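Chemist: For the sequence shown, the working numbering assigns the number 448 to the last residue and increments by one with no breaks. Pasting a structure here, questions to come.
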Amino acid sequence: MHRGFARLLLALLGLVIGAVALTGVAQAAGPAIIAVVTDANKAPIAGVTVTVTGPDGFTGTGETGADGTATIEVPKSGKYVITLDESTIPGGAAVKDGPERTANVLSGNKKILFPVGVPDDGGGGGDSGGAGGITLDRVLQLILDGVVLSLIIALGALGLNLIFGTTGLSNFAHGELLTLGAFTAFVLNVWWGIDLLIAAPIAIALSGLLWGWGQNQILWKPLRKRGTGLIAAMIVSIGLAIALRYTILFIFGGTPKSYAQFAGQPGLELGPIFITPKAIVLSIIAIIVLVATILWLKSSRIGKATRAVSDNPALASASGVNVERVISVVWVVGAILAAYAGIFLGVTQNVVWTMGQFLLLTMFAAIVLGGLGTISGAIVGSFVVGITVQLSTLIVPTELKTGAALLLMIVLLLVRPQGLLGRPERVG
């Protein structure tokens, strides 16, 4: 079978398996409170902090996304108090009927509405598509939110693509590297009391050592030496992902958690768009990390060796490249990138046991869309996926926004099977 087509089938098979796993996780999730924050014209408001308190001293915090919703899982049924932090509302507007709500959660999800401000005169006119209508301000806000999401996806997808390029492994446990990185920082920050600015770099370094190098040495290197096939290795990665995910659930519980610092932060209004300072700083660092990784791959000796192994492992080995050493380095780099992506997501949203699994499909979509095995393709694909996911909420329900990116991937692959930046392979 054509090598490129076989890889494509493998990736698409993985997407299907991942979707099934994701559905199972969603069904297994406990009750949750969904806070919906909208302005007077029914348009969603992003970046607003919501706190939930309840039985047994429970406290959960969330921040509204581009769709104006913040989801906070609660441990059990009972009476909960939901409080909106009015200082985080753009423009200093007030919440109609006050910022506090009380809700009795029995089972499933409980939606709580927080209407903000006073309607504009004649607000009924204009475009009416999507939630709150399609306006230029909303489009710009969604594009900005899409860029932030794209950076998180790109950090994870770049490491996933490096591992795929050097080993051929479609690693379905890569999402758990994000989760492990985020929870490693959580332990250092919340349990041990280390400031997040110090805990985050330590967690990233530990993730590279333990979850990257250690995982490769203990599991993947022995499997490679035994000649385990790629399909079997992919199935092993699915099992590993499930085991890690539920181990994290057992240790930390299913309630979303926040870091001790930067949990609630007033946003900045930049013209028609709104963003928090923490998202700006984390995005700038992410861009620097991505650029540094690309320069490392292109300029450093080990980076060039990594590209050689990705192109042809046998030829690279015959040329004197230590293939196993390169693979070990790639695992470390992949885990470091994933850990930062997890911390990025945890700071801007919440730290929760399913966070990596929810991003896994978008990471796979990004690398398939950009071109399997291509570094620049993974980044370009991440931006296409991230922005598409957010903009799709203009016309489809929020629950279907990831499906819009996957649909785009399928359509593009029908036209260009090698992806946006992939090279077509010759047959014969």
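Note that CB positions come from ideal geometry on N, CA and C, so glycine has one too. Source: prediction; values computed, not measured.
Please classify K116 as buried or exposed, where buried requires at least 16 neighbouring CB atoms within 10 angstroms.
Modeler: For this step, residue 116 is matched to residue 96 along the sequence shown. Exposed.
Chemist: Nearest CA to the CA of T186: which residue from G354, A193, K62 and L426?
Modeler: Counted from its first residue, the sequence shown places residue 186 at position 166. When only C-alpha atoms are compared, the closest one is G354.
Chemist: Can the beta-carbon of G406 be found closer than 8 angstroms to that of I173?
Modeler: For the purposes of this step, residue 406 is taken as the residue at position 386 of the sequence shown. For the purposes of this step, residue 173 is taken as the residue at position 153 of the sequence shown. Yes. Within cutoff.
Chemist: Return yes when the Cβ of V371 is within less than 8 angstroms of the Cβ of S278, no when it is not.
Modeler: Taking the sequence shown and counting its residues from 1, the one referred to as residue 278 is at position 258. Taking the sequence shown and counting its residues from 1, the one referred to as residue 371 is at position 351. A contact, by the Cβ cut-off of 8 angstroms.
Chemist: Hey, would you say A86 sits closer than 8 angstroms to A55, going by beta carbons?
Modeler: Translated into positions along the sequence shown, residue 86 becomes position 66. Translated into positions along the sequence shown, residue 55 becomes position 35. Result no, Cβ atoms of A86 and A55 do not sit closer than 8 angstroms.
Chemist: Any chance the region 282-301 sits against the region 376-383, with 3 or more Cβ pairs inside 8 angstroms?
Modeler: With the cut-off at 8 angstroms, the region 282-301 and the region 376-383 do not touch.
Chemist: Do you know whose CA, among G287, R321, P333 and Y360, lies nearest L310's CA?
Modeler: Residue 310 sits at position 290 when you count from the first residue of the sequence shown. Closest option to L310, Cα to Cα, is Y360.
Chemist: Excluding the 5 residues flanking A177 on each side, which residues of the same chain have their C-beta closer than 6 angstroms to its C-beta?
Modeler: Here residue 177 refers to the residue found at position 157 when the sequence shown is read from its first residue. Contacts found: M383, A386, I387, A398 and S402.
Chemist: When you compare only the Cα positions, how much space is there between P119 and I363?
Modeler: Locating residue 119 in the sequence shown gives position 99, counting from the first residue. Locating residue 363 in the sequence shown gives position 343, counting from the first residue. Approximately 29 angstroms, taken between the alpha carbons.
Chemist: Just the Cα atoms here: how many angstroms apart are A312 and I222?
Modeler: Looking up residue 312 in the sequence shown gives position 292. Looking up residue 222 in the sequence shown gives position 202. Using only the alpha carbons, I get a separation of about 19 angstroms.
Chemist: Taking C-alpha atoms, which residue in R244, I214 and L426 lies nearest to V343?
Modeler: Within the sequence shown, residue 343 is the residue found at index 323, counting from 1. Closest option to V343, Cα to Cα, is R244.
Chemist: With a CB to CB cut of under 7 angstroms and the five nearest residues on each side skipped, what residues in its chain are close to F134?
Modeler: Residue mapping note: residue 134 aligns to position 114 of the sequence shown, counting from 1. For F134, where only same-chain residues beyond five positions count, the Cβ hits under 7 angstroms are A55, V56, V57, L104 and V115.
Chemist: Take F203 and list the residues in its own chain whose beta-carbon comes closer than 7 angstroms to its own, dropping the five residues that flank it on each side.
Modeler: Counted from its first residue, the sequence shown places residue 203 at position 183. Excluding positions up to five away in sequence, the list reads I268, F272 and V371.
Chemist: Can you name, in chain order, every residue of its own chain whose Cβ lies under 6 angstroms from the Cβ of L434, other than the five neighbours on each side?
Modeler: For the purposes of this step, residue 434 is identified with residue 414 of the sequence shown, where counting begins at 1. Correct list: empty, nothing qualifies.
Chemist: Looking only at C-alpha atoms, which of L290, P333, L162 and L315 sits nearest to S412?
Modeler: Within the sequence shown, residue 412 is the residue found at index 392, counting from 1. Taking only the C-alpha atoms, the option nearest S412 is L162.
Chemist: I92 to P276, Cα distance in whole Å?
Modeler: Taking the sequence shown and counting its residues from 1, the one referred to as residue 92 is at position 72. Taking the sequence shown and counting its residues from 1, the one referred to as residue 276 is at position 256. The straight-line gap from Cα to Cα measures roughly 6 angstroms.
Chemist: Tell me the DSSP bridge mates of I102?
Modeler: For the purposes of this step, residue 102 is taken as the residue at position 82 of the sequence shown. Answer is V72 and R121.
Chemist: For the pair the region 256-266 and the region 190-204, tell me if three or more CB-CB distances fall below 8 angstroms.
Modeler: The region 256-266 vs the region 190-204: in contact.
Chemist: Give the DSSP-derived three-state secondary structure of P64 in the structure shown.
Modeler: Within the sequence shown, numbered from 1, the residue matching residue 64 stands at position 44. P64: strand per DSSP, three-state reduction.
Chemist: Check whether the Cβ atoms of V350 and T326 lie closer than 8 angstroms to each other.
Modeler: The residue labelled residue 350 in the question sits at position 330 within the sequence shown. The residue labelled residue 326 in the question sits at position 306 within the sequence shown. Contact flag set, yes.
Chemist: Using beta carbons (cut-off 8 angstroms, strictly below), is K99 in contact with chain D?
Modeler: Protein chains in the displayed structure number just one, and chain D is not present.
Chemist: For T155, report the span of its beta strand (DSSP E) as first-last.
Modeler: Here residue 155 is taken as the residue at index 135 of the sequence shown, counted from 1. Neither: T155 is in no beta strand (DSSP E) and is coded neither H nor E.
Chemist: Could you please give me the residues that DSSP links to F294 through a beta bridge?
Modeler: Here the question's residue 294 lines up with position 274 in the sequence shown. According to DSSP, F294 bridges with E289.
Chemist: Just reading off the beta strand (DSSP E) that E93 is part of, what are its end residues?
Modeler: To locate residue 93, count along the sequence shown from 1; it is residue 73. Element bounds for E93: T89 to E93.
Chemist: Since I154 and P110 should fall inside the 8 angstroms C-beta cutoff, what is the C-beta to C-beta distance between them, to a whole number of angstroms?
Modeler: Taking the first residue of the sequence shown as position 1, residue 154 is located at position 134. Taking the first residue of the sequence shown as position 1, residue 110 is located at position 90. Contact flag wrong, Cβ pair sits at about 19 angstroms.
Chemist: On the criterion of 16 or more Cβ atoms from any shown chain inside 10 Å, does T461 qualify as buried, or is it exposed?
Modeler: There is no way to answer for residue 461, as the model of the chain reaches only from 21 to 448.
Chemist: Taking all protein chains shown into account, do 16 or more other C-beta atoms lie within 10 angstroms of the C-beta of R345, making it buried, or fewer, making it exposed?
Modeler: Counting from one through the sequence shown, the residue named residue 345 turns up at place 325. That one is exposed.
Chemist: Secondary structure at K131, three-state DSSP: helix, strand or coil?
Modeler: As a position in the sequence shown, residue 131 is number 111, starting the count at 1. If DSSP states are grouped into helix, strand and coil, K131 belongs with the strands.
Chemist: Can you tell me which of D76, K130, A205 and I183 puts its alpha carbon nearest to the alpha carbon of L365?
Modeler: Mapped onto the sequence shown, residue 365 falls at position 345. With distances taken between Cα atoms, L365 lies closest to A205.
Chemist: Could you tell me which residues DSSP puts in a beta bridge with I53?
Modeler: The residue labelled residue 53 in the question sits at position 33 within the sequence shown. Paired residues: I92 and K130.
Chemist: Let me check understanding here. Comparing Cα to Cα, which of G291, V256, W211 and A283 lies closest to T81?
Modeler: Position 61 of the sequence shown, counted from the first residue, corresponds to residue 81. When only C-alpha atoms are compared, the closest one is A283.
Chemist: Cα separation between I251 and S257?
Modeler: Reading the sequence shown from its first residue, position 231 is the one you call residue 251. Reading the sequence shown from its first residue, position 237 is the one you call residue 257. One C-alpha to the other measures close to 10 angstroms.
Chemist: Where does the unbroken beta strand (DSSP E) through G80 begin, and where does it stop?
Modeler: Against the sequence shown, residue 80 aligns to sequence position 60. Its beta strand (DSSP E) spans residues T79 to E83.
Chemist: Given a cut-off of 8 angstroms on the beta-carbon distance, is the pair L389 and L335 in contact?
Modeler: Translated into positions along the sequence shown, residue 389 becomes position 369. Translated into positions along the sequence shown, residue 335 becomes position 315. No; because the gap between Cβ atoms is not below 8 angstroms, this pair is not in contact.
Chemist: CA-CA distance, L468 and G439?
Modeler: The structure shown does not extend to residue 468, since the chain is modelled only from 21 through 448, so no value can be given for it.
Chemist: Let me check understanding here. Comparing Cα to Cα, which of E106, G77, T73 and Y100 lies closest to G287?
Modeler: Here residue 287 refers to the residue found at position 267 of the sequence shown. Here the closest residue by C-alpha is E106.
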